[in-house]
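Taken in sequence, the protein lines are chains A and B.
330 is the number that the working numbering gives the last residue of the first sequence; the numbers go up by one with no jumps.
330 is the number that the working numbering gives the last residue of the second sequence; the numbers go up by one with no jumps.
C-beta: ideal position from N, C-alpha, C; glycine also.
Quick caveat: nothing in here was measured; it's all calculated off a predicted structure.
To start, the structure under review is shown below, and the notes come after it.
Protein chains: 2
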Amino acid sequence: MKTKIGIMGYGNLGRGVELAVNEAPDMELAAVFTRRDPEKVTILSKDVPVVSADEAPAWKDRIDVLIICGGSATDLPAQTPKYAQMFNVIDSFDTHARIPEHFANVDAAALSAGKIAMISVGWDPGMFSLNRVYANAILPDGSDYTFWGKGISQGHSDAIRRIEGVKNAKQYTIPVEKALESVRSGENPVLTTRDKHTRECFVVAEEGADLERIEREIKEMPNYFSDYDTTVHFISEEELLRDHAGMAHGGFVFRSGRTGENKEHKHVIEYSLKLDSNPEFTTSVLVAYARAAKRMYDEGMRGCKTVLDVPPAYLSEKSGEELRAHLL
Amino acid sequence: MKTKIGIMGYGNLGRGVELAVNEAPDMELAAVFTRRDPEKVTILSKDVPVVSADEAPAWKDRIDVLIICGGSATDLPAQTPKYAQMFNVIDSFDTHARIPEHFANVDAAALSAGKIAMISVGWDPGMFSLNRVYANAILPDGSDYTFWGKGISQGHSDAIRRIEGVKNAKQYTIPVEKALESVRSGENPVLTTRDKHTRECFVVAEEGADLERIEREIKEMPNYFSDYDTTVHFISEEELLRDHAGMAHGGFVFRSGRTGENKEHKHVIEYSLKLDSNPEFTTSVLVAYARAAKRMYDEGMRGCKTVLDVPPAYLSEKSGEELRAHLL
Chain A
3 MKTKIGIMGY
13 GNLGRGVELA
23 VNEAPDMELA
33 AVFTRRDPEK
43 VTILSKDVPV
53 VSADEAPAWK
63 DRIDVLIICG
73 GSATDLPAQT
83 PKYAQMFNVI
93 DSFDTHARIP
103 EHFANVDAAA
113 LSAGKIAMIS
123 VGWDPGMFSL
133 NRVYANAILP
143 DGSDYTFWGK
153 GISQGHSDAI
163 RRIEGVKNAK
173 QYTIPVEKAL
183 ESVRSGENPV
193 LTTRDKHTRE
203 CFVVAEEGAD
213 LERIEREIKE
223 MPNYFSDYDT
233 TVHFISEEEL
243 LRDHAGMAHG
253 GFVFRSGRTG
263 ENKEHKHVIE
273 YSLKLDSNPE
283 FTTSVLVAYA
293 RAAKRMYDEG
303 MRGCKTVLDV
313 PPAYLSEKSG
323 EELRAHLL
Chain B
3 MKTKIGIMGY
13 GNLGRGVELA
23 VNEAPDMELA
33 AVFTRRDPEK
43 VTILSKDVPV
53 VSADEAPAWK
63 DRIDVLIICG
73 GSATDLPAQT
83 PKYAQMFNVI
93 DSFDTHARIP
103 EHFANVDAAA
113 LSAGKIAMIS
123 VGWDPGMFSL
133 NRVYANAILP
143 DGSDYTFWGK
153 GISQGHSDAI
163 RRIEGVKNAK
173 QYTIPVEKAL
183 ESVRSGENPV
193 LTTRDKHTRE
203 CFVVAEEGAD
213 LERIEREIKE
223 MPNYFSDYDT
233 TVHFISEEEL
243 LRDHAGMAHG
253 GFVFRSGRTG
263 ENKEHKHVIE
273 YSLKLDSNPE
283 FTTSVLVAYA
293 RAAKRMYDEG
303 MRGCKTVLDV
313 PPAYLSEKSG
323 EELRAHLL
């Protein structure tokens, strides 16, 4: 029997989940829920109903795992605990600082309903977190390094758009090659924020706006830009839409550590991703963890989990025997 | 209470386990078992007894996890099932083709004794296997690539030493840079054995041996060398011991896959290791999994497991809360 997946929210993530579920031989898409008028939402899968989010409770026994495809700022903190009261759920909540709070809310909801919930699934948090935990456990005497990019940061692009006179903007986070090389060589460098990443901004200004002031406001913006070497390019809206609509992203997780009686041996563990589509990769991870969530639920596990709690074999549709014979 | 670790066998691996256990705040070394005369084995830890392997059964209630540090060819197939009848055990069995058979033997022994056993822990099998399984689950439409090196292959070095007229030898497996770059770029190349690795041999010949014949016998040896571009250097024993005694190793696991309605998006996942000491890294992995084995045993799990069955959080001495707050 195939695992029945529901999708809550049909944006870039929802569409990515749909594509990934359609690739999975052991899953089927049961319904797509939307807060918009369902009549106006067209999905790729012809035979799957698009349903108003308000009607989700009626689907509670027809869905094995609901994948919640909202944003981390306001959607998921409300949606994941809410739907964990009716469904096994999974989300990609990525505000690192608020994970403990989100975990507690979702855990309480899922436990009271006897469901399983999995939060913060994707690549960071997600695959990058796994790699940090594995590498820290293996090399307790060492240093962690995480680099992101090259890719567009939604939060930084939004911050630029809030500046007066800015019509539209995209911001790329770019890892500094020299810093990557230094970490990769095992030098174990101490790196400042500025050493690790540069920021490149493509800005569409309103007609007649003061470009010098906009550039200054971007470069001096605390937290977002002031600690980085930032480049600002003013371009036309046409160029922005044509050249900067891609959703490529990626990054690197390193751990550099030492072993030996006199700590004479260096070791470098590196994990990296080069992604043409950030949302499609994120949702590919979500769908693999939906498979695990179903299996853990069937084994009786309840409450909130993260990628750190999931045995790797549970992500695969292959049996333990097959995995041991071919991938171990 | 600290987890009590026993070491079976005190060679490079046994010594590496000792170093890693001494780094772990939640573990202590209880005893080192040896098949040699215990009087003649000196270990680093002053207060830990060195005991004859024959006396191991008497230690059955004084050790939480026994880490078996034998070789995969003949030691582990006998030792791991044997000691799984008395202890929770863990090994680094690395003969990929024989894993299913070893698993079955160890599973039967551990189940009948009510113990947990973990086999094939290290980096390949081990961390590389994990990465293959994660990446396959996330990108079902894709290709796997594993490269090893630069590092010494024990099996290939041994094969050269069996040739008539060879006194000693070391063989390096070296990944081909061009192949790595092609995979890394997402080109999804089809690579032959020869495309992926070269083999470099440092050989000490007996006095008066026919060097031309030795070189030919190496290069034409089926399975080991005939499918590779192989270089042979004849050097003195002194040079071999001075320049080729290192135990550095490493390698790369890639998965290159596609997503999208028309498979228009490429993604590349890369995991790599650069290790100054192959045995010390392997044993660092073993010790992290010994922590997990103890925890899984305490939770009631029995029988044979592999790295694919272990939730990542179990490798860390940190609590779930700490991990979620700092590493997720």
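Give me, in chain order, the residues of the same chain whose beta-carbon lies closer than 8 Å to that of B:K265; leave out the 5 immediate sequence neighbours on both sides.
D143
Identify whether A:Y316 lies in helix, strand or coil by the three-state DSSP scheme.
helix
Let me know if B:A290 comes out buried or exposed under the rule of 16 or more other beta-carbons within 10 Å of its beta-carbon.
buried
Beta-carbon proximity list for B:V287, same chain, < 7 Å, skipping 5 on both sides
V123, G124, W125, G128, M129
Give every residue of the same chain whose Cβ lies closer than 6 Å to the Cβ of A:F254, excluding the five residues on either side of it in the sequence, and list them in chain order.
F149, S274
What are the residues that DSSP puts in a beta bridge with A:V185?
For A:V185, which the question treats as bridged, DSSP gives no partner whatsoever.
Does B:R134 pass the burial test, meaning 16 or more other C-beta atoms within 10 Å, or should it be called exposed?
buried
I want to verify the contact list: residues of chain B whose CB lies under 7 Å from the CB of A:R326, in sequence order.
Here the neighbours are I101, P102, F105, T308.
With a threshold of 16 other CB atoms inside 10 Å of the CB of A:L46, please say whether the residue is buried or exposed.
Taking every protein chain shown into account, the CB of A:L46 has fewer than 16 other CB atoms within 10 angstroms, so this residue is exposed.
For a contact defined as C-beta to C-beta under 8 Å, what are the partners of B:E301 on chain A?
One finds nothing in chain A with a Cβ atom closer than 8 Å to the Cβ of B:E301; even the nearest lies about 12 Å away.
Between A:T261 and chain B, is the shortest Cβ-Cβ distance under 9 Å, so that the two count as touching?
yes
How many whole angstroms separate the CB atoms of B:V53 and B:L31, which I take to be in contact at a CB cut-off of 8 Å?
Rounded, the Cβ-Cβ distance is 12 Å, inconsistent with contact.
Counted within 10 angstroms of its Cβ, other Cβ atoms place A:E214 as buried (16 or more) or exposed
exposed
Check the Cβ-Cβ distances between B:I271 and every residue of chain A, and say whether any is below 9 Å.
yes
Would you tell me roughly how many angstroms separate the C-alpha atoms of B:A110 and B:G305, rounded to the nearest one?
7 Å
For B:L46, which residues in chain A fall below 7 Å Cβ to Cβ?
E263
Spatial neighbours of A:N190 within its chain, please: C-beta separation below 7 Å, excluding the five flanking residues on both sides.
S145, S258
Which of the three DSSP states is assigned to B:P177 in this structure?
strand
Contact residues within the segment 272-297 of chain A, judged by C-beta distance below 7 Å to chain B
E272, Y273, S274, L275, K276, L277, D278, S279, E282, F283, S286, V287, A290
At what residues does the beta strand (DSSP E) containing B:K276 begin and finish?
267-277
Under a CB-based cut-off of 9 Å, is A:R186 close to chain B?
yes
Where DSSP assigns a beta bridge to A:K6, which residues make up the other side?
A:E30
Taking Cβ-Cβ distances below 8 Å as the criterion, which residues of the segment 63-82 of chain B are in contact with chain A?
none
Can you tell me where the beta strand (DSSP E) with B:G11 in it begins and where it stops?
First-last for B:G11: undefined, no H or E at that position.
Go through its chain and collect everything with a Cβ distance to A:N170's Cβ below 7 Å, but skip five positions before and after it.
R163, V206, E239, L242
Please list, in chain order, the chain A residues whose beta carbon lies closer than 7 Å to that of B:N138.
Those within 7 Å of B:N138 in chain A are S318, L329.
Who are the near neighbours of A:L132 in its chain, counting only those whose CB is closer than 8 Å to its CB and skipping five residues on each side?
Cβ neighbours of A:L132 within its own chain (closer than 8 Å, five residues either side excluded): V309, L310.
Find the nearest neighbour of A:S318 within the set B:N138, B:P102, B:T97, judged by alpha-carbon distance.
It is B:N138 whose Cα lies nearest to the Cα of A:S318.
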